[in-house]
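Numbering (the numbering used here), first residue to last: 11 to 219.
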């Protein structure tokens with residue numbers, strides 16, 4: 011569980027502080043939004059990420075402001091959001107969205123060991139396209155050293171979700187939920203190679219239902 015320093019106040023019955031649930035949410039996604047303060051001004055930047063049980067990892071240019079701030083150890087907040095459906099009620103006021111989201115608080119540090127950097131990139135590739143690791147070239151030491159990898163410790167977190175239909179229903183108009191799903195289209199080759207099986211498998215797993 012989280013330390014409960016972070017607590018959902020509004021609709022607290024929708025909250026969870028279960029770490030296993032957080033890991034499941036993180037493992038289904040790969041885009042997060044990172045919030046930080048720099049020079050007294052707030053910023054939020056979308057980033058590609060991957061995670062293990064302890065850390066959220068990101069990478070970028072060593073000259074990137076965000077990467078430098080994360081690596082410096084300053085407090086960082088990370089947001090993850092899944093949108094599951096549009097909730098339509100008879101009254102415009104009662105429309106809503108079904109979702110699951112998490113807010114994570116932690117502090118960052120640089121990953122300097124090239125072998126650990128490689129592990130992070132392998133985790134990321136396996137998250138994006140399972141099976142691709144057996145069909146790609148690995149980066150050289152020089153390439154690994156040219157990229158900054160940072161990690162943020164998962165020190166505290168809160169999950170919040172909404173499920174179901176309208177909380178106030180009526181019968182004057184159509185009501186219900188329009189599901190939202192993520193799917194993949196047909197891969198477009200840039201070198202005329204045949205589509206590998208791991209890509210057809212990926213497409214099959216993410217077909218709209």
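Note that CB positions come from ideal geometry on N, CA and C, so glycine has one too. What you are looking at is a predicted structure, and each value in this text was computed from that prediction instead of being measured.
Report yes if the CB atom of residue 140 is closer than 9 Å to the CB atom of residue 115, and no otherwise. No.
For the region 173–191 against the region 86–105, are there 3 or more C-beta pairs whose distance is under 8 Å? The region 173–191, when compared against the region 86–105, does touch it at the 8 Å Cβ threshold.
Closest to residue 59 by C-alpha separation, out of 161, 109, 113 and 126, would be which residue? Nearest C-alpha to residue 59: 161.
Residue span of the beta strand (DSSP E) that contains residue 98, given as start and end: Its beta strand (DSSP E) spans residues 85–98.
Looking at C-beta atoms only, is the number of pairs between the region 75–94 and the region 33–50 that lie closer than 8 Å three or more? With a cut-off of 8 Å, the region 33–50 and the region 75–94 count as touching, because enough Cβ pairs lie within range.
Taking the CB atoms as reference points, tell me whether residue 67 and residue 157 lie closer together than 9 Å. No, they are not a contact pair.
Proximity below 9 Å, CB of residue 108 to CB of residue 171: Yes. Within cutoff.
Residue 58 (DSSP reduced to helix, strand or coil): For residue 58, the secondary structure class from DSSP, reduced to helix, strand or coil, is strand.
Between the Cα of residue 105 and the Cα atoms of 204, 113, 95 and 48, which residue gives the shortest distance? Nearest of 204, 113, 95 and 48 to residue 105, Cα basis: 95.
So, with DSSP's three-state summary, where would you put residue 1? Given that the chain is displayed from residue 11 to residue 219, the structure contains no residue 1 and the question cannot be resolved.
With burial defined as no fewer than 16 other Cβ atoms inside 10 Å of the residue's Cβ, what is the status of residue 202: buried or exposed? Per the 10 Å Cβ criterion, exposed.
Can you list, in chain order, the residues of its chain with a C-beta nearer than 6 Å to that of residue 189? Leave out the 5 residues immediately preceding and following it. Excluding sequence positions up to five before and after residue 189, its CB lies within less than 6 Å of the CB of 95, all in the same chain and listed in chain order.
Assuming residue 121 and residue 93 are in contact, meaning their beta carbons sit under 8 Å apart, how far apart are those beta carbons, in whole angstroms? Under the criterion of beta carbons closer than 8 Å, residue 121 and residue 93 do not qualify as touching, at roughly 31 Å.
Taking only the alpha-carbon atoms, compute the straight-line gap between residue 12 and residue 19 and give it to the nearest angstrom. Residue placement at residue 12 is poorly supported in this model, since its pLDDT is 45, which falls under 50; the coordinates still yield a value, given next. Looking at the two C-alpha atoms, the distance is approximately 15 Å.
Look at the alpha carbon of residue 27 and the alpha carbon of residue 168, and state the distance between them as a whole number of angstroms. Each residue's alpha carbon lies about 5 Å from the other.
Which residues in the same chain as residue 79 place their Cβ atom closer than 8 Å to its Cβ, once the five residues preceding and following it in sequence are excluded? Correct list, in chain order: 46, 48, 86 and 118.
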